[in-house]
Every structure is written in C-alpha cells, then in structure tokens.
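In what follows, a structure is listed as structure tokens, so that the remarks can point back to it.
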Amino acid sequence: MVNLLSMHNNINEPQTSHTSSSRSSESSNPLEAKKWASKILRDCAKAISGNDSSKINHLLWMLNELASPYGDCDQKLASHFLQALFCKAFESGNQCYKTLTSVVERSHSFESSRKVILKFQEVSPWTTFGHVASNGAILEALEGETKLHILDISNTFCTQWPTLLEALATKSDETPHLKLTVVVTLGMARSIMKEIGQRMEKFARLMGVPFEFHVVIGSLRLGELTREELGVQEDEAIAVNCVGALQRISVEERDEVVRMLHALKPKVVTVVEEEADFTSSRNDFVKCFEECLRFYTLYFEMLEECFVPTSNERLMLERECSRSIIRVLACEGGDGVGEESERRERGIQWCEKLKKSFTPVRYSDDVVDDVKALLKRYRAGWSLPPAQAEDTGLYLTWKEEPVVWASAWKP
Amino acid sequence: MKGEFEVVHGAFDFLQPQEQWDCNHIVFSSSAPNNVSVNALPRPMIDSQSNATEKFEVSEWMDHVARQFSETAATTNSFQTESAVSTAENFMLHTLGDCRPQKTARRHYGINGNGNVGEIQWNGQQTNSIYEGSRVMNRLDEHGLNLLTLLLECAVAISVENLSEAHRMVLELTQMASPYGPSCAERVVAYFSMAMSSRIMNSWLGICTPLINHKSVHGAFQFFNNISPFIKFAHFTSNQAILEAFHQRDRVHIIDLDIMQGLQWPALFHILATRIEGPPHVRMTGMGSSMELLVETGKQLSQFAKRLGLSFEFHPIAKKFGDNEVSNMVQIRRGETVAVHWLQHSLYDATGPDWKTMRLLQQLSPRVITLVEQDITPGGSFLDRFVGTLHYYSTIFDSLGASLSIDDPTRYRVEHGLLYREINNMLAIGGPTRSGEEKFNHWRSELARNCFVQVPMSSNSMAQAQLILNMFPPTHGYSLIQGDGTLKLGWKDTSLYTASSWTSHASV
C-alpha cells in the first residue's frame, strides 16, 4: 500500500512551485506525476486478477475520485478504464455494454456520425492513410477492367470512395462501370445507409461514372455470406476492401472468413487494421489489459493533440473507445461464433491468416508517394517508415509508434 | 473613499434573529420585508447583444421545478406519509408527469386532513408546472429539456436507493449529454450525470472520502475570478467592510479561513497602504490544506506588501479552522484588531465541524467577520440537495453561457475544473461515510444566534459591487440586491452569493 499512499500524496501536493526560482525543483519523478493514471490502472487490474478485494475497492475509489471523461488525458484514461475495471470486478460488463450500445443506436444520426468521421479525417490521417493506400492498390489491380465490383466491408460511411470515383473519372480511357456493395457489420440504421447511397449515386453522376450501389446489412456471419447474397457476378472484376473489418469478426471465425473471401475470386483484397493485439492475450486479463492501455493511451494522446479541447467530435470518438474497452475487458463470452468482436490483431498476425489463401502485393512507388503526400498535409508526428524486406504492407506511425497497418493481397 | 464604521451602541439596525431561511425557496422572492431596499441594477433596453434573454435559461426552468418540488415536499410531509418514497413518487408524478407519456393518474392513500384513511386531496395547483415551464421553453432546446427530465428521474432513483436503475439511466445520460455543446442545459446534465455516476460508484464501493487536487482547483478558481463577477463581488465587498472595521486601527490581523492563492488581498493592501491615517501593521493568518501552497501564497503576498511599503507578517496554518489544535495556533496579540474572512465554497470541507468553528470564532471575538455564502444548502435529503444544487449551478452555467462562446477554453476550465468539482462534492455529501458532521444551513442565522451582531453592508460596499458589475457584460443579466443588511449577487431571479458582515458583542 505504501506506493499507493505516495501516489496519493503526489497528486495532492503540487508538483511545481509558482515562482520562477523554483522551476528547477520539479518533482523528482515528473513522469509519475504526469502519467499517474497508468500506474493506478495497472495496479487495479492486477488486484482484480488476484482477487484482492480490499485493494480493488481502494484503487477503484481512487480512480473514481481522480477520473473525468472531460479532463486531461490521464483523467480520461482513468475514467474510461475505470468503467471497464468496475464492470469486470462486479461482473456487469455485458449489461453495461448492452445499455451503451442501445443508447448509441437510438441517438446516432447520419449527420452526427458523418460530422465525426469527416472532422477526424480533417485533423488526423488515422483513417485516410488506409483509404489512400487501399484506393491505390485497388486502382492498380483493376486497371483495364470495365466492370468493377468493390465489396466494401467497413464502417467508414463511404468516405473512402469519392477520391476513387474521381480517379476513375479522370482516366484517359473509357470510364469503367462501378458497382459498390457495402457490407455493414455494425447495427447501422437502414436510414443512414440509404442516405449514404443517395449521396454516392449523386456524386457518381456528377463524376460521370456509371454507378450502382448496394447494401448488405446486419450480417455478422461473414463467413457464411455467399456470392449470390453479395451480388457477385462472373464477368465482374472484384475488389474486396476490409477496413477495420477483420477485427469485428469473432475470433473463431476468422479463418473461415478468409476462405470465403478467397472463394469470391477477387483481383485484390485490401486490408486495413489498427496495430494492437487484444486477441492472443484474451484469456490473460492482465496482459490483455496492458495492451489495451498501451494502445488507447496512444490513441487518446493522439486525439488530444489533433483536436481542440472542446471538440464534440473528439468526445464521440472517445466514447466509442470507452465502449470498445468495456467490450474487450469486461464482457464475458462474446468471442464465440456469430458475436461481434473488438479483438484487434497486429499486422503480422493477420498476415499469417491471410497467407493461407492469398499472396501479398507490394504497393507501387506511386502509391507510397501518394501516402507520403497525404501525411504532409497533417501536423508533425506522423510518418511512414521505410518498408523492411520482410514487412508486408505499410505502417502508419505516430510519434514513432506503429498505429495503423495497411496491406494488399491477391489470390 | 472614507470608510466609516459606525460603532455606536444600538445605532445600527439591531436585527431580530433571522427567521429560518426556507431552504427550498431558492428563488429570491420580491416579497421582502419592508425595511429592505431592493436595489437591483436598472435593466437596460434590450439591445442586439442581449440574445441572452432569448436563450433557454435552464435556471428559469429549474425555478418552476424547484418551486413545484418544495410544494410537493411540503404537502407530503403534512400528511405524514413515508417521506422519502412518497416525496419522490409525488415529485415524479406532479412535476415530471407531463413530460412523459400519459399514465393513468395514481391515487395516493394515506391519512388525510380529517385523520381518516382516504384518498389524499392535493391542494389546487394541479396544472403541472413543467408544462408551464415548457411554454417558456418552447423557443428552444427540446433535447436539453429531455436530458434534464431524465436527470431528475435518475436523482429520484438514487433518492430511493434504486441504484441499478439509477446506474442504467446514468449510462444513458453520459452518452447523450456533452459538456461542450451550445446548450447550457446539456452541459449541466453532462456534469451532473458524471457526478451521479461517481456517487453511485462510491455507494457500491462503500467509500466516500474526497481526494482533491488543490493546485488544479486553485487555478480554476482564479479563472472563475477572471470571467465572472461573483468572486470579485465577494472580495471587494468584504474588503470594504474590513476597511471600515480597521478605521483608525494601526495594528490589524486578518484571518482568512481558506486563503487559496490570496487573490483578494492585494487590493486591500493597496488601500491600507494609501489610507489617510497612514498604513497599519498587517498580520495575516492564512489557512488551507497544503502547507506548501500556503507558503507560496504567503511569499507572493509578502512581496506585494513590500512593494507597497506595507509592514506585513504572514502565518500559514495548514489545518481546518474547526480542528482542535487551531485555537492554540492562532495567535492574537494584544491591541490588534482582528478580522476573520470566510468566502465559502462547495469544493471541499474547508473548515471542519461547524460547532467548533463557531466556538473558535466566539473565542477570537473578532472586530469583524466578513462572510460570503453561496445561496445553497448542504443539508436535507438527497433530493432536496439535488434540486437545489441543480438550480444553483444551472444558473451559474447560464451566466457563463450568456457572455462566453461555446468553445471558450477558460469557460471550459471553470466549468470542468471548478463547477464540476463543486457539483461532485455537493452530490456526494450524505453518501456513504462522507463526513458525517452536521452542517449549518445558513451561517448568517447561526452567527446571529451566537452572540454576533450583524453590521449592515454599507453603501460604499454596494458601490464597490456595482463597479465590479460594470466590468462584466452583460450587466443586465446580473441582479444585485441590498436587503436585510446583506448584499446579494445573482443571475436573473436567482440569488447566488450573499455577503454579510458581523461583529462580536465583546468587541463592540
């Protein structure tokens, strides 16, 4: 308990003095003062894992007093992880998650969701990185084809496609026909997809691209989707675009889904995933917790730097994280077949699965240049490290940490 | 500015002991006793910038709710039904009923006026005040109104200890309300729901001791001082009363019960240093929670005093005024004039047990006690406190929203760093094992009852207050009222801070 008390004291006593003369007398452990949340959170996770109930209570109390979802990064992390730890300790994760998702489904609108996504894309390349890489790979793989069919398995509200449509429209040769089938894995309202479809059709008309739009809603059993259900036809050149999609497939089903994708006979499969591993440690609470904390600390810090402090869009993104954290750490079951998952895996791990049915495709120099040009449009901190020989795909890094992985595959 | 302190026996209005302030009448009513001069600032013509009056004022809506609630509570008690549950049920039905889908009217049975068991007849006012309130609110913010309604329902659930239902509602609220939005109602709900979430969690954990980051709180307090007139009002009216008490005294001692960064004192030092009869020797005892912070404050004040050529000593005491050892630690020297200053807040318990504080005050027999109270009561049931707190803070949020933009970073710092902390603390009081001490409802009443005599705030104090208000647009939103010897500053119809000053019999 001793270090907990000193932690308590660290928080209550000021770390720096007001006057200039004592600026040098910062707390001897400034890191501790600044990142107090991770220490208490880790200790709490261990206490829960070790079933030490008085320690659990004490630490949950501390977190409860210090946390705030509207404060600085430490306070936010404390707040969101506190919810998950509390649910874990009191076994209320499933109920809690259910309540949260039902509220979201009721209150989200096309406008509000769209605002969040667009604002995020404006201030951070977190999502646009994957879009640019994938579009580049798709265009190159489908070069010369006249009937294109893109299967979009993502929740990006089609924000990826306008630039692709533009590229198709400005090709020197005949503009191909594009069919876009969006496979929505979340409980997304029909009305939202309808709105999106109308906008896409309008945009395609403007671009002069012959266009068809379809939606496949609410199917979690991705592995069981057939060519017919997806509207795949013999004479089409298929591209499958999976952005943040594979993580949503329940762990048991992932191999099956890869096989299903292969059976569609696509010309290219583009995969974009966040670089975190919540899967291999899923039976080890503390290990999984540490990885969660590592990833979301990065993410929250990134959000704090990219958005203004009073941003509602950032708040929405943080709340989404909050739900994911509860899902991963505090929900029982949910890894079984048919359940929607949040269990991310790293690029290397996805590679292992994908290599069973596909071969990796290197991004051309043009595509890499496009990505680099994209990153230049954002604040400093983002970079694309040079691809190592053994690497598959590209890694987006923020402050030297890999955060998003993009890759392309062919059968 | 000559401050005249009339020390004439019986020459100032010797006020009767204050009647117990009705804690539910949070609205400062205009039906004041005769000897009160209602001196509100004249409201200027509505100009193009005053769209404050067009906005949904959460506090107006809360006026209706608070009034309805107090009537419901009063009627309930008079029939002696099971108090907590019934008050809650009735509150739900009569106050919130109109906002929810029509239900069949529930009948309440109990002991009616004739002493017989039968259906309770409620007095006339069946028309639902929320409905009335809603007409007022038609202009805007249905979303905010829905959130507030859900918030109140949640508070009722907590008050009847239905924690799991309350938790479910809180989860909903915390997903739907944003503290950064254009709607003051939504901001208020965002912070209140987090405070309730915190309280529910504490209830489940069975622990309730506060953990305060004092440095951060002091910083937020300073921001509040910058963007809102309430703190300056407290400072300057108190300084005026102290100045008057120090008239022609050359050795003075100020005891500040929670000095924080001592923002108040430089202005007083300035006046003392330049007063006609020459500067006094000033001793200051600053109390607070952290010795390190107190020492720092002392340093700053000493440096300032030195620059003014003011002879100054500072004594830090890192204790609560009501703690046992304090009476030994506070040293009063022979011949010095003592002023005790107390600017009350709801961030944390600054003074400890009230009866001990009172006892020490009596012991010290100061020449003047300057007291600034928030017009909010810590006592009563959870629901009492909740409705009162919601009314109080939604008024402050309204006042900030009227002059500051939606994404003003200072506004955010004040709302999150200060107001949210107060809300959190207020709602946690009475939670499991929170300091079990009895708190006085109104210090003014208690002082009057305990051998202290009120010294009416002078016209100079009033003038100070008016000057301060002029610094803060839109002045037509603030209401400054002089009455019962006190000065009250509020927003629209709601009084928020009351400044008063007192002297002990012994020193008169």
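So the protein lines, in turn, are chains A and B. Numbered according to UniProt numbering, the first sequence terminates at residue 411, and the numbering increases by one at each position without gaps. Numbered according to UniProt numbering, the second sequence terminates at residue 508, and the numbering increases by one at each position without gaps. Even glycine gets a Cβ: it sits at the ideal position worked out from N, Cα and C. These figures come from a predicted structure and were not determined experimentally.
Residue-chain proximity (residue i, chain B), Cβ-Cβ < 7 Å
i	result
K410 of chain A	no
E91 of chain A	no
Y299 of chain A	no
L5 of chain A	Any reading at L5 of chain A needs caution, since the residue's pLDDT is 41, under 50, leaving its predicted position unreliable; the model's value is listed next. Chain B, which has no Cβ nearer than 7 Å to the Cβ of L5 of chain A, makes this no.
T310 of chain A	yes
S107 of chain A	yes
N94 of chain A	no
W350 of chain A	no
L315 of chain A	yes
N57 of chain A	yes
V123 of chain A	no
residue 427 of chain A	Because residue 427 of chain A is not part of the residues shown, which for chain A are 1 to 411, the question remains open.
E273 of chain A	no
Cβ of residue i within 7 Å of any chain A Cβ
i	result
S198 of chain B	yes
L205 of chain B	yes
P179 of chain B	yes
Q264 of chain B	no
Q303 of chain B	no
Y393 of chain B	no
E172 of chain B	yes
M201 of chain B	yes
R168 of chain B	yes
Reference residue i, options the options, closest by Cα
i	options	result
L496 of chain B	B:Q374, B:I429, B:E415, B:L447	B:Q374
V403 of chain A	A:P309, A:S357, A:Y296, A:P360	A:Y296
R333 of chain B	B:S289, B:T351, B:G298, B:T285	B:T285
A37 of chain A	A:S53, A:N64, A:K55	A:N64
T163 of chain A	A:V243, A:I138, A:V183	A:I138
I40 of chain A	A:D72, A:S53, A:F81, A:A89	A:F81
G244 of chain A	A:N283, A:E228, A:S311, A:S134	A:S134
P456 of chain B	B:A220, B:N441, B:G483	B:G483
V372 of chain B	B:F69, B:Q264, B:E172	B:Q264
F90 of chain A	A:K399, A:I326, A:R42	A:I326
F157 of chain A	A:G136, A:K171, A:F120	A:F120
M426 of chain B	B:A267, B:G490, B:H143, B:D384	B:D384
C242 of chain A	A:G93, A:F289, A:T127, A:G197	A:T127
V308 of chain A	A:K46, A:E122, A:F213	A:E122
Cβ pair residue i, residue j closer than 7 Å
i	j	result
I192 of chain A	F110 of chain A	yes
V368 of chain A	K410 of chain A	no
P210 of chain B	Y393 of chain B	no
A204 of chain A	L142 of chain A	no
L487 of chain B	A465 of chain B	yes
P229 of chain B	I481 of chain B	no
K299 of chain B	P378 of chain B	no
P179 of chain B	Y70 of chain A	yes
S302 of chain B	F312 of chain B	yes
T351 of chain B	G322 of chain B	yes
L261 of chain A	V240 of chain A	yes
F221 of chain B	L418 of chain B	yes
F224 of chain B	V414 of chain B	yes
Classification of residue i by the beta-carbon crowding that lies within 10 angstroms, buried from 16 upward
i	result
V340 of chain B	buried
L206 of chain A	exposed
L66 of chain A	buried
S54 of chain A	exposed
A499 of chain B	buried
G401 of chain B	buried
P316 of chain B	buried
G223 of chain A	buried
Q68 of chain B	buried
T494 of chain B	buried
Could you tell me whether the stretch 364-376 of chain A touches the stretch 95-102 of chain A, where touching means 3 or more Cβ pairs closer than 8 Å? no
Three-pair Cβ contact test at 8 Å for the stretch 159-173 of chain B versus the stretch 193-207 of chain B: yes
How about the stretch 239-252 of chain B and the stretch 265-274 of chain B: do they share at least three Cβ pairs that are nearer than 8 Å? yes
contact_flag[the stretch 275-292 of chain B, the stretch 226-240 of chain B] where n(CB pairs < 8 Å) is 3 or more: no
Check whether the stretch 229-248 of chain A touches the stretch 308-325 of chain A, counting contact only when three or more Cβ pairs, one atom from each stretch, lie closer than 8 Å. no
Between the stretch 74-91 of chain A and the stretch 152-161 of chain B, do three or more beta carbon pairs fall short of 8 Å? no
When you compare the stretch 263-279 of chain A with the stretch 301-311 of chain A, are there three or more beta-carbon pairs, one atom per stretch, that lie closer than 8 Å? no
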